[in-house]
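Worksheet for the structure shown next.
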Amino acid sequence: MNEVIAGIDIGGTKVAVALETLGGERIASRRLPTEVEIGAPAIVENISRAIEEILGENQVELVSIGIGCPSPLDIEKGLVMSPSNLQDWDNFPIVQLFAERFNVPVALDNDANTAALGEYVYGAGRGYQNIIYITVSTGIGGGIIINGEIFHGVSAGAGELGHTIVQPDGIRCNCGSVGCLETICAGIHIARRARERLANGESSLLHEMAANIGEVTAKTVVEAVRRKDKLAVEIWEETCRFLAIGIANSISLLAPEAVIIGGGIAAATGDMLFMPLRQLLPQFVSMIPAEKINVLPAELGSESGVCGALVLAKKVYSNAYQIYAV
Ligand SMILES: [Zn+2]
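Encoded structure:
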């Protein structure tokens with residue numbers, strides 16, 4: 161029977177599942193709603209059934225599983241701690257449950273690290289050894305690949321670019337610190353900054369574009385930037401500037417061959433984001449020649465996480481992955 165591996169990418173709204181042969185041939189991909197309200201065990205049950213269905217339909221044998229999941233995790237113990245978008249997942253033994261259900265080795269990593277790994281192996285990071293991956297979306301996540309491996313650091317806490325501090329007198333972040341990059345540049349905070357200025361009575365197309373101020377989202381702001389609305393353009397320029405500061409600090413620290421930017425906001429804005437970043441970064445990074453600063457859009461879109469989960473599965477199968485549980 162053909163041996164296959166499974167990649168699972170668990171997000172706040174959707175779960176992506178993919179099965180591949182060890183040779184890299186995709187057998188099947190599924191997307192399921194996460195249905196956070198049904199609770200962690202029921203979600204694992206739904207994912208397991210989807211995998212079992214695919215295995216039955218294709219007459220293949222599962223040999224390992226890789227999982228990407230929102231932080232915080234204890235990846236050595238295989239636990240999901242308490243992600244803000246997955247309530248009731250406190251100390252949830254996700255690795256043990258999948259390992260017992262399928263009797264295969266299972267590896268867990270955070271969703272930004274798996275996305276980084278996916279882009280590194282299959283996407284914009286192909287051919288490089290050292291990359292920084294950043295997701296600009298509802299939140300800001302990051303992953304670091306050094307010499308072809310995810311760099312985890314102490315407590316697997318490395319790569320949290322969204323929680324590097326860029327505005328010490330700014331607002332408090334969900335993580336407890338003040339002025340994290342995420343508190344300015346994450347989608348929810350782009351919307352918040354716009355709403356605060358609208359509530360102060362500033363004029364803007366945004367007043368007409370949303371039913372009320374509370375309905376303004378990052379997407380509305382981006383649309384207003386395209387329509388050259390002054391307030392939205394100012395919010396966007398500030399977003400790009402702070403993002404450039406955060407990325408520049410990481411570049412100065414690690415001097416990666418490429419910085420790859422993914423996530424919903426990066427995908428939706430494209431040149432609107434990359435052009436100012438490419439202009440600003442050489443101004444903020446003094447020790448690396450401008451032509452060596454390489455900022456690239458992610459290539460795999462919403463597939464980067466599940467692709468990275470497949471890479472994890474392959475690593476845990478070949479025993480090449482050090483942090484895993486069975
Ligand atoms: Zn933070």
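Position 58 of the sequence shown, counting from 1, maps to 218 under the numbering used here, and the rest follow consecutively. Glycine included, every Cβ here is placed at the ideal spot set by N, Cα and C. Quick caveat: nothing in here was measured; it's all calculated off a predicted structure.
- A contact is defined here as three or more CB-CB pairs under 8 Å, and the region 432 to 450 fails this definition with respect to the region 264 to 275.
- Short note on residue 345: C-beta not closer than 7 Å to any heavy atom of ligand 1.
- Distances taken from the Cβ of residue 342 to the heavy atoms of ligand 1 include one shorter than 7 Å.
- Annotated three-state conformation of residue 174 is strand, per DSSP.
- Along the region 414 to 476, the beta strand (DSSP E) occurs as fully enclosed runs of 3 or more residues at 418 to 422, 455 to 457, listed in sequence order.
- The closest CA to that of residue 420, considering only 236, 290, 354, 405, is found on 290.
- Residue 337 has its Cβ nearer than 7 Å to a heavy atom of ligand 1.
- DSSP, reduced to helix, strand and coil, places residue 328 outside both helices and strands of the structure shown, so it counts as coil.
- Under the DSSP assignment, residue 224 falls in the beta strand (DSSP E) whose first and last residues are 220 to 229.
- Ligand 1 never approaches residue 349 closely enough for any of its heavy atoms to be under 7 Å from the residue's Cβ.
- Of the heavy atoms belonging to ligand 1, none sits nearer than 7 Å to the Cβ of residue 229.
- A distance of 8 Å or more separates the beta carbons of residue 429 and residue 350.
- The shortest C-alpha to C-alpha distance from residue 212 to any of 190, 233, 232 is the one to 190.
- For residue 330, the closest alpha carbon among the candidates 367, 359, 438, 402 is that of 402.
- Assignment of residue 380 by DSSP, reduced to helix, strand and coil, places it in the helix class.
- Relative to ligand 1, residue 367 has its C-beta separated by 7 Å or more from all heavy atoms.
- Annotation for residue 358: 364, 366, 367, 373, 376 place their beta carbon closer than 7 Å to its own, counting only its chain and skipping 5 residues before and after.
- Contact check for residue 321 against residue 406 passes: the beta carbons are separated by less than 8 Å.
- The three-state secondary structure of residue 307, taken from DSSP, is coil.
- With a 10 Å radius around the Cβ and a threshold of 16 neighbouring Cβ atoms, residue 353 comes out buried.
- Here residue 268 carries a strand assignment [DSSP, helix/strand/coil].
- In this structure, residue 333 has its beta carbon less than 7 Å from a heavy atom of ligand 1.
- Counted as a single uninterrupted DSSP element, the beta strand (DSSP E) harbouring residue 192 occupies residues 186 to 193.
- With a cutoff of 7 Å, residue 323 counts as near ligand 1, since its C-beta is closer than that to a heavy atom of the ligand.
- The count of Cβ pairs closer than 8 Å, one atom from the region 460 to 470 and one from the region 173 to 181, reaches three, so the stretches are in contact.
- Assignment of residue 239 by DSSP, reduced to helix, strand and coil, places it in the strand class.
- Residue range 342 to 345 is occupied by the alpha helix (DSSP H) that includes residue 343, with no beta strand (DSSP E) assigned at that position.
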